[in-house]
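2 is the number of the first residue of the sequence shown in the working numbering; add one for each residue after it.
The beta carbon of each residue, even a glycine, is placed where N, CA and C say it ideally should be.
First up is the structure itself, then whatever we jot down about it.
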Amino acid sequence: MSIPPSSSSSSSSSSASKTMKPASRLDPSPFGRHHRERSSKDKADDFLIDDRFDFDPEECSVGNGKNCTEETERKKGVVCGDSLQRGQWQSFVCMVESIIPDDKKSMKRGRIISVFTAKEYNTTIEFYWAPFLVESNSDVHIIGDPKKRILKVDSVARHAKHWIGVDIIVFNTYVWWMSGLKIKSLWGSFANGEDGYEELDAPVAYRIGLKTWANWVDSTVNPNRTRVFFTTMSPTHQRSIDWGNKEGIKCFNETRPVAKKGHWGTGSDRRMMKAVSDIVERMKVPVAVINITQISEYRVDAHSSVYTETGGKLLTDEQKADPLHHADCIHWCLPGVPDTWNQIFFALL
Numbered sequence: 002m003s004i005p006p007s008s009s010s011s012s013s014s015s016s017a018s019k020t021m022k023p024a025s026r027l028d029p030s031p032f033g034r035h036h037r038e039r040s041s042k043d044k045a046d047d048f049l050i051d052d053r054f055d056f057d058p059e060e061c062s063v064g065n066g067k068n069c070t071e072e073t074e075r076k077k078g079v080v081c082g083d084s085l086q087r088g089q090w091q092s093f094v095c096m097v098e099s100i101i102p103d104d105k106k107s108m109k110r111g112r113i114i115s116v117f118t119a120k121e122y123n124t125t126i127e128f129y130w131a132p133f134l135v136e137s138n139s140d141v142h143i144i145g146d147p148k149k150r151i152l153k154v155d156s157v158a159r160h161a162k163h164w165i166g167v168d169i170i171v172f173n174t175y176v177w178w179m180s181g182l183k184i185k186s187l188w189g190s191f192a193n194g195e196d197g198y199e200e201l202d203a204p205v206a207y208r209i210g211l212k213t214w215a216n217w218v219d220s221t222v223n224p225n226r227t228r229v230f231f232t233t234m235s236p237t238h239q240r241s242i243d244w245g246n247k248e249g250i251k252c253f254n255e256t257r258p259v260a261k262k263g264h265w266g267t268g269s270d271r272r273m274m275k276a277v278s279d280i281v282e283r284m285k286v287p288v289a290v291i292n293i294t295q296i297s298e299y300r301v302d303a304h305s306s307v308y309t310e311t312g313g314k315l316l317t318d319e320q321k322a323d324p325l326h327h328a329d330c331i332h333w334c335l336p337g338v339p340d341t342w343n344q345i346f347f348a349l350l
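Now the structure itself:
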């Protein structure tokens, strides 16, 4: 499967065009909303998240919570990746749980695994934390300094035991590779600490890591039992010059999507996109690509910006006044862009 970098969705919705329409507002819920979503409510009070802009594909029908619940009945689904993928999982849960009575659903949150259960449908939707998909020394206890992170690029074994026997699994990995530094890549054991690692350029290490993941999928997954999906990279919007705002500070105070058709900023690495395309199209097990990159590129206005948390606390007024250092232009508000990702996912389901 080839993934055109300028495509606005996965292959099943390639005819979709970018149209904006008023969007409905989702009610907050303890099942799916987390700190970024609560922060987004503050943002809504100012200007943004009544969601004046929503993706409305033409000549294409997208799913909804009821349809998805029916498709996932008596199934176990896993969403696997980093905090951006967690956002997709939270959106997924919110769309599904909104139609389920409170006494017929439950949520259990954990550091590595979080599980939403829809008892009425005998369905579980899990999030599994694996920011690189391959093993790293930052999987359990997050290492903030990317210089100290080491990846075991030849193994997914520690994670993969949680991926076996599921019915639907959605993978993603990207932003953790994009520190701007070479990736310390290790083959074999972590027993000797940093001894034996090799520093690789991010696209090279990324391709090796994806091949390791793909080999596991091809050798382990039964395609008659499990449907595999891969979400493409979520754009970051750290440089306002990318969309022509020379006076801007990252995504701070952006209130409208980019209007230029085909906009592609520096926060999306085409080399990484090509690695996904090259590897997926050679896999034996079918992998459906949820191509969210281009449609997300336009949404410079939809990040949590200064309406977010750091260290478990909302930003102070002083921190909000310093968007250069504190605006989060990586993660997205919810409700928001991840809901669109899931509309594409539901259409594929």
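Buried versus exposed call for residue i [16 or more other C-beta atoms within 10 Å across all chains shown]
| i | result |
| --- | --- |
| Leu1 | Lying before the first or after the last residue shown, residue 1 is absent from the chain, which here runs from 2 to 350. |
| Glu74 | exposed |
| Asp329 | buried |
| Asn173 | buried |
| Asp302 | buried |
| Ser223 | It is Asn, not Ser, that sits at residue 223 in the sequence shown. Exposed, by the Cβ-count rule. |
| Pro5 | Unreliable positioning characterises Pro5 in this predicted model, as indicated by a pLDDT of 44, which lies under 50. The coordinate reading is nonetheless provided below. When all chains shown are included, Pro5 counts as exposed. |
| Val229 | buried |
| Val171 | buried |
| Cys334 | buried |
| Glu282 | exposed |
| Ile209 | buried |
| Trp217 | buried |
| Val259 | buried |
| Leu152 | buried |
| Trp178 | buried |
When the options are compared against residue i, the one with the closest alpha-carbon
| i | options | result |
| --- | --- | --- |
| Asn154 | Ala348, Ala206, Ile170 | Reading the sequence as shown, one finds Val at residue 154 and not Asn. Ranking Ala348, Ala206, Ile170 by Cα distance to Val154 puts Ala206 first. |
| Thr267 | Phe230, Pro224, Lys106, Trp244 | Trp244 |
| Val1 | Arg87, Val281, Ile250, Gly78 | Residue 1 lies beyond the range of the chain shown here (2 to 350); nothing can be said about it. |
| Ile293 | Tyr122, Leu349, Gly313, His327 | Leu349 |
| Lys183 | Glu200, Gly189, Pro339, Ile169 | Glu200 |
| Met96 | Thr70, Ile143, Lys76 | Thr70 |
| Lys262 | Met234, Glu255, Gln295, Arg271 | Gln295 |
| Trp214 | Gly312, Pro339, Pro132 | Pro132 |
| Ile169 | Leu211, Asn225, Ser235, Lys275 | Asn225 |
| Ser235 | Trp188, Arg300, Phe253 | Arg300 |
| Val338 | Gly189, Ser92, Ser139 | Ser92 |
| Ser180 | His327, Pro204, Glu72, Ser297 | Pro204 |
| Leu322 | Glu298, Asn254, Leu211, Val277 | Reading off the sequence, residue 322 comes out as Ala, not Leu. When each option's Cα is compared against that of Ala322, the closest is Asn254. |
| Asp83 | Gly189, Ile143, Lys162 | Ile143 |
| Val167 | Thr221, Gly189, Trp188 | Thr221 |
Separation of residue j from residue i, as counted between CA atoms
| i | j | result |
| --- | --- | --- |
| Glu319 | Pro147 | 27 Å |
| Ser186 | Tyr198 | 5 Å |
| Ser156 | Glu136 | 6 Å |
| Arg102 | Thr124 | Note that residue 102 is Pro in the sequence shown, not Arg. Approximately 14 Å between the Cα atoms of the pair. |
| Trp265 | Val288 | 25 Å |
| Arg112 | Arg159 | 15 Å |
| Thr237 | Lys285 | 32 Å |
| Ile165 | Ser241 | 42 Å |
| Met1 | Ala119 | As displayed, the chain neither begins before 2 nor continues past 350, which places residue 1 out of reach and without an answer. |
| Arg150 | Thr309 | 25 Å |
| Lys105 | Tyr122 | 9 Å |
| Asp202 | Thr341 | 32 Å |
| Ile345 | Gln239 | 26 Å |
| Val290 | Thr227 | 15 Å |
| Leu134 | Glu127 | 15 Å |
| Gly249 | Pro324 | 10 Å |
| Asp219 | Lys247 | 47 Å |
| Ile331 | Gln89 | 13 Å |
| Thr317 | Thr311 | 10 Å |
| Ser306 | Gly145 | 20 Å |
| Trp130 | Lys251 | 27 Å |
| Asp270 | Ile280 | 16 Å |
| Phe117 | Pro336 | 18 Å |
| Glu72 | Asn138 | 36 Å |
| Thr232 | Val80 | 10 Å |
| Asp140 | His326 | 25 Å |
| Ser278 | Phe347 | 21 Å |
| Ser115 | Lys275 | 31 Å |
| His163 | Leu211 | 18 Å |
| His304 | Leu315 | 15 Å |
| Ser107 | Val94 | 11 Å |
| Arg257 | Gly78 | 34 Å |
Residues that DSSP places opposite residue i in a beta bridge
| i | result |
| --- | --- |
| Tyr129 | Cys81, Ile114 |
| Ser304 | Note that residue 304 corresponds to His in the displayed sequence, not to Ser. His304 is bridged to Trp333. |
| Ala422 | The first residue shown for the chain is 2 and the last is 350, placing residue 422 beyond what the model contains. |
| Phe172 | Cys81, Phe231 |
| Ile184 | Leu201 |
| Lys314 | Thr311 |
| Lys153 | Glu136, Leu187 |
| Ile291 | Thr232 |
Test: residue i CB closer than 7 Å to a CB of chain D
| i | result |
| --- | --- |
| Val167 | No chain D is part of this structure, which consists of one protein chain only. |
Any non-hydrogen atom of the ligand FMN within 6 Å of residue i CB
| i | result |
| --- | --- |
| Lys153 | In the structure on display, the ligand FMN does not appear, and there are no ligands present to speak of. |
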